[in-house]
Amino acid sequence: MKWHLSPGRNRDGDGRNIDESLGVLAGEGAHQDVRETAGKGARPVPEPKERAESTADRDSYYGLPMLKEPVWKWPIPTYFYVGGLAGASAALGMAAGRFGGPELRPLCERTRIIAAGGAVASSALLIWDLGRPSRFLNMMRVFRPTSPMNVGTWLLGAFGGFSTIAALLRQKRTGLLGPIGDAAAFAAGVAGIPLAGYTGVLLSNTSVPLWQGARTTLPPLFMASAVTSAASALDLCTLPPAAQRAVRRYGIAGKIAEIAIARMLEREAGVVPRVIAPLHEGVSGSLWKAAKICVVASLAAGVLRQRRLAGWLGTVGSLALRFAMVKAGTASTLDPRASFEQQRARLGAAEVTGPAPELEQGTAVPAPERVLVPAGA
Amino acid sequence: MSKKGFFTDTTLCIGCKACEVACKQWNQLPDDGFKFTGLSYDNSEHLGSSTWRHVAFVERPMALGMQVSGAGNFSWLMMSDVCKHCARAGCLESCPTGALVRTEYDSVYVQPDVCNGCGYCVSACPFGVIDRREDDGRAWKCTLCYDRLKADMTPACAKHCPTASIQFGDLVELRVRAQQRVEELHRRGTTEAYLYGADQPGTEGLNAFFLLVDKPEAYNLPPDPVVPTRKVRRSWVSLAGAAVAMAALAVAAVTGV
Ligand code: SF4
Chain A
0 MKWHLSPGRN RDGDGRNIDE SLGVLAGEGA HQDVRETAGK GARPVPEPKE RAESTADRDS
60 YYGLPMLKEP VWKWPIPTYF YVGGLAGASA ALGMAAGRFG GPELRPLCER TRIIAAGGAV
120 ASSALLIWDL GRPSRFLNMM RVFRPTSPMN VGTWLLGAFG GFSTIAALLR QKRTGLLGPI
180 GDAAAFAAGV AGIPLAGYTG VLLSNTSVPL WQGARTTLPP LFMASAVTSA ASALDLCTLP
240 PAAQRAVRRY GIAGKIAEIA IARMLEREAG VVPRVIAPLH EGVSGSLWKA AKICVVASLA
300 AGVLRQRRLA GWLGTVGSLA LRFAMVKAGT ASTLDPRASF EQQRARLGAA EVTGPAPELE
360 QGTAVPAPER VLVPAGA
Chain B
0 MSKKGFFTDT TLCIGCKACE VACKQWNQLP DDGFKFTGLS YDNSEHLGSS TWRHVAFVER
60 PMALGMQVSG AGNFSWLMMS DVCKHCARAG CLESCPTGAL VRTEYDSVYV QPDVCNGCGY
120 CVSACPFGVI DRREDDGRAW KCTLCYDRLK ADMTPACAKH CPTASIQFGD LVELRVRAQQ
180 RVEELHRRGT TEAYLYGADQ PGTEGLNAFF LLVDKPEAYN LPPDPVVPTR KVRRSWVSLA
240 GAAVAMAALA VAAVTGV
């Protein structure tokens, strides 16, 4: 067993078993960096929701997941919250700067700081979650409209630039710099609105049954929740009464929209019960319920003019909503039958291509009696 | 350059896993840890970042057409699974860096020197093929042996398949051959044989397609897969509507009307 003793990269055994004194590492997979041996570097198959001992039922392959679990960890749902918060703050700041009087100037300044801070935090969270963080700029080597993640990166880049300028110039009212700051704040608001919701499109543009099944309502839900987040964060700041009133109106409308759209989402994705199941059970189900309760409570507190309470409840609710959505999507990915049932219910390709002839005529689905010929028959 | 692909005829597969081994060896991929799953003879379980061919073992406690083995009261459906090199690929269309490209052979290729490991392709693939290797940080999958094609060689798995269950070639010709095979099987009584993916509407075809004798689900394949991009227009429209509403809301909030 010469390769055990060979020098170089494989001395400790990286699972390739190539003696580099005899062979060259030049294959298509040769550059895979192996730091964890014994197969631990590659992601294992997660324990299936319903493992099947045999394949006799024909409805799944031992219950193993058909799709791969999303790789995203906590920074991504956190980013969904922070990015939404920043975008919706910038939108309110834009409106206050353009249509509000001088009494709303403190609100403008506050939103500019939140927007710029949120943009910086968003970038940090996104880079943190990359497999190769040092290559984050590769996101901007192409423009690919079919990739909401690519579109979002450009959007976040523009938003970050505008909101930073606006924040730096927030106290300049006159001279040359004042109008520049105001224009930057306006541009940040324009970019901030789609920034608050594109993450919903990003999730919808996947094979994850729940996210794909909720693709109409997910972007508006995230936007409404972003309004809640922004209003809640501003409720936790010290503001003059005029600004408080604007924030209160913004928050109440956002929360009502959020509650209504959450219901619509449950209806949209609930056509196939298995697809929506993770929003009703397990950790993701509890988070989803907590998010809805917090938003309703925050709405009540806002109506009763309890600013701080409304702020805290709204913040917790918005965060819980993002984590619930990501966790529930992951759970629906790991249930192969969720995809299978969704597609059998004509909600796969059939939705855009018309019913597949195989699905209609059953040629792709041989009737059991045609396939299963008992022995001796 | 003509379009190349695989035709995997599962009725010929004997489950020897020569394709899995040949793929690992040629591409110099690290091992999976040699675990024992107890799921028939399947110990690799799925395609992954370092497993680019995977043989599925479907067991049936009855005699099926041509798949009877051993004592005659038991059948194995074996399928060597691989990246489908979709004509419209979810992984490629979602890739934000342009690391995923389509090659001159019409295959889908990840450039390891560009990929930054965002993981979007992992969730966009409708077949659960591509995966990120956590210690490496990048996404990996079958390359259709791009290096071998460049040297005018057959991909390692097809080269090593001892029963011609995996066939490599020009797609046009493969499709004809596959159709003839289905007809032949039907003539011989295996009427359940059909092609999966030769003409998949949701992905506008798969460059690696299969001949199956059971429901796709039995092999862990989706019955009606779709490239997510084809369905997402509705999300963008709904985003646009919500954007108008949000702008109006912000103005209303500051003006008080
Ligand atoms: S099967 Fe998945 S990884 Fe392969 S080309 Fe299609 S979308 Fe990409």
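Protein chains in written order, with numbering that gives the first Met the number 0: chain A, 0 to 376; chain B, 0 to 256.
In this text, a Cβ means the ideal position worked out from N, Cα and C, and glycines have one as well.
Item                                                                                                                         : Value
Own chain residues within Cβ distance below 6 Å of Val57 of chain B, not counting five before or after                       : Leu76 and Ala217
Three CB pairs or more closer than 8 Å across the stretch 193-205 of chain B and the stretch 85-101 of chain B               : yes
Status (buried if at least 16 other CB within 10 Å, exposed otherwise) for His185 of chain B                                 : exposed
Extent of the continuous beta strand (DSSP E) run through Met61 of chain B                                                   : Premise fails: Met61 of chain B is in no beta strand (DSSP E) and is neither H nor E.
9 Å Cβ cutoff met for Thr198 of chain A and Phe221 of chain A                                                                : yes
Ala95 of chain B Cβ short of 8 Å to the ligand SF4 heavy atom set                                                            : The residue you asked about is not Ala; residue 95 of chain B is Pro in the sequence shown. Incorrect: Pro95 of chain B has no Cβ contact closer than 8 Å to the ligand SF4.
Where Ala242 of chain B meets chain A, residues with beta-carbon distance less than 8 Å                                      : Ile192, Pro193, Gly196 and Met222
Nearest candidate by alpha-carbon position, reference Thr7 of chain B, set B:Leu210, B:Glu172 and B:Ala252                   : B:Leu210
Contact test: Val33 of chain A Cβ vs the ligand SF4 heavy atom, cutoff 8 Å                                                   : no
For Ala120 of chain A and Val121 of chain B, the rounded distance between their alpha carbons                                : 25 Å
Contact residues within the stretch 52-69 of chain B, judged by C-beta distance below 9 Å to chain A                         : Ala55, Phe56, Val57, Glu58, Arg59, Pro60, Met61, Ala62, Leu63, Gly64 and Val67
Test item: CB-CB of Ala244 of chain B and Val246 of chain A under 9 Å                                                        : no
For Thr50 of chain B, the residue or residues it bridges with in DSSP                                                        : B:Gly47
Opening and closing residue of the alpha helix (DSSP H) in which Leu220 of chain A lies                                      : Leu217 to Asp234
Contact set for Pro222 of chain B: own chain, Cβ-Cβ below 8 Å, skip 5 residues either direction                              : Lys214, Pro215 and Glu216
Length at least 3, wholly inside the stretch 133-191 of chain B: the beta strand (DSSP E) runs in chain order                : 165-169
Phe208 of chain B CB to nearest heavy atom of the ligand SF4 below 8 Å                                                       : no
Cross-strand partners of Asp41 of chain B (DSSP beta bridge)                                                                 : B:Leu38
Whole-number beta carbon distance between Phe167 of chain B and Ala177 of chain B, since they are thought to touch under 8 Å : Not confirmed; about 13 Å, so no contact.
Chain-ordered neighbours of Ala88 of chain B on chain A, where CB pairs are closer than 7 Å                                  : Within chain A, no residue comes near Ala88 of chain B; the closest Cβ sits about 10 Å away, beyond 7 Å.
Residue of B:Glu103, B:Leu63 and B:Ser164 minimising C-alpha distance to Lys149 of chain B                                   : B:Glu103
Contacting residues, own chain, Cβ-Cβ under 6 Å from Gly269 of chain A (five flanking each side not counted)                 : Ile275
Asp31 of chain B: contacting residues in chain A (beta-carbon distance under 7 Å)                                            : Gly38 and Ala41
Partners in chain A for Glu44 of chain B, counting only beta-carbon separations shorter than 7 Å                             : Val44 and Leu63
Cβ neighbours of Gly250 of chain A in the same chain (closer than 6 Å, five flanking residues each side left out)            : Ala230 and Gly301
Chain B within 9 Å of Ile112 of chain A, Cβ atoms only                                                                       : no
Sequence-distant residues of the same chain with beta carbon closer than 6 Å to Cys107 of chain A, five excluded per side    : Gly92, Ala95 and Gly96
Spatially closest choice to Tyr60 of chain A from A:Arg143, A:Asp334, A:Pro147 and A:Pro239, by CA coordinates               : A:Asp334
Short Cβ contact (9 Å threshold) for Leu103 of chain A with Ala232 of chain A                                                : no
Phe208 of chain B: first and last residue of the uninterrupted alpha helix (DSSP H) it sits in                               : Not the alpha helix (DSSP H): Phe208 of chain B falls in the beta strand (DSSP E), residues Ala207 to Leu211.
Minimum length 3: unbroken beta strand (DSSP E) runs contained in the stretch 142-210 of chain A                             : none
Contacts that Pro335 of chain A makes with chain B (C-beta to C-beta distance below 7 Å)                                     : Asn219
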